[in-house]
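Peer 1: Can you keep this structure in mind? I'll have questions shortly.
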Amino acid sequence: MRRAIEIARHNPEAPFGCVIADENGDVLAEGLNDAERSPILHGETAAIMALIEAKPDVNRSRLVLYTTAEPCPMCAGAILWSGISRVVLGSTIETLKKLSLPHIDLPCEEISRRCSFGGFEVIRGVLDAECDALFEAMVRRVQ
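For the sequence shown, our numbering begins at 29 and goes up steadily by one.
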């Protein structure tokens with residue numbers, strides 16, 4: 029998660045950083061929100077695309093995706109379709125709501141639960157104070 033936070037700091041206007049690691053903790057791919065270039069380049073989708081390009085044959089069911097904020101429904105769907113089995117997140121949708129940031133009020137667990145072909149485990153609140161600080165700083169910059 030610390031690496032995801034470090035990545036997120038490279039885009040203070042949208043600090044959605046993401047890392048995909050194997051079971052040994054080795055980083056296989058990274059992603060950063062670049063929605064200005066494309067509205068679908070969220071941290072998670074950028075990391076998944078980087079993973080597929082760099083390691084097309086990796087067993088994705090054994091990977092962990094770390095993200096500074098709870099995946100939106102689009103990203104949760106991408107995680108499901110990619111076969112990644114575990115998501116570790118910092119800031120929650122509730123935090124984004126409290127900060128009046130754009131969000132879709134649908135927890136990623138709900139998307140996973142409704143999947144007919146598997147799902148992913150979610151671990152919430154990892155380094156959440158540090159992740160929350162990224163988004164609080166983002167809000168202060170635009171006020």
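Yeah, the Cβ is synthetic: ideal placement off N, Cα and C, and Gly gets one too.
Does the segment 121–130 come close enough to the segment 81–90 to have 3 or more Cβ pairs within less than 8 Å?
Peer 2: Touching, no, given that fewer than three Cβ pairs across the two stretches are closer than 8 Å.
Peer 1: Is A42 near E72, with beta carbons less than 9 Å apart?
Peer 2: Their beta carbons are not under 9 Å apart, which means A42 does not touch E72 by this criterion.
Peer 1: Assign S144 to one of three DSSP states: helix, strand, or coil.
Peer 2: Note: S144 maps to coil in three-state DSSP.
Peer 1: Give the range of the alpha helix (DSSP H) segment to which S110 is assigned.
Peer 2: 101–110 is the span of the alpha helix (DSSP H), which, as asked, contains S110.
Peer 1: Helix, strand or coil: which one does DSSP assign to G153?
Peer 2: Reduced to three states, the DSSP call for G153 is coil.
Peer 1: In terms of alpha-carbon separation, which member of V167, I33, V115 lies closest to G147?
Peer 2: Per the Cα distances, V115.
Peer 1: Hey, A57 and A75: beta-carbon distance below 9 Å or not?
Peer 2: Their beta carbons are under 9 Å apart, which means A57 touches A75 by this criterion.
Peer 1: Using the beta-carbon count (16 or more within 10 Å), is N52 buried or exposed?
Peer 2: Label assigned to N52: exposed.
Peer 1: Are the segment 159–166 and the segment 93–100 touching, with three or more C-beta to C-beta distances below 8 Å?
Peer 2: Because the criterion of three Cβ pairs below 8 Å is met, the segment 159–166 and the segment 93–100 touch.
Peer 1: Checking 9 Å against the spacing of the C-beta atoms, do P31 and V47 come in under that value?
Peer 2: Note on residue identity: the sequence assigns Arg, not Pro, to residue 31. It is a contact, given that the beta carbons lie within the stated cut-off.
Peer 1: So E122 is in the alpha helix (DSSP H); what residue range does that whole segment cover?
Peer 2: Run containing E122: 121–126, per the alpha helix (DSSP H) assignment.
Peer 1: Is M29 closer than 9 Å to G111 when the C-beta atoms are compared?
Peer 2: Their beta carbons are not under 9 Å apart, which means G111 does not touch M29 by this criterion.
Peer 1: For L69, does the three-state DSSP call read helix, strand or coil?
Peer 2: Coil.
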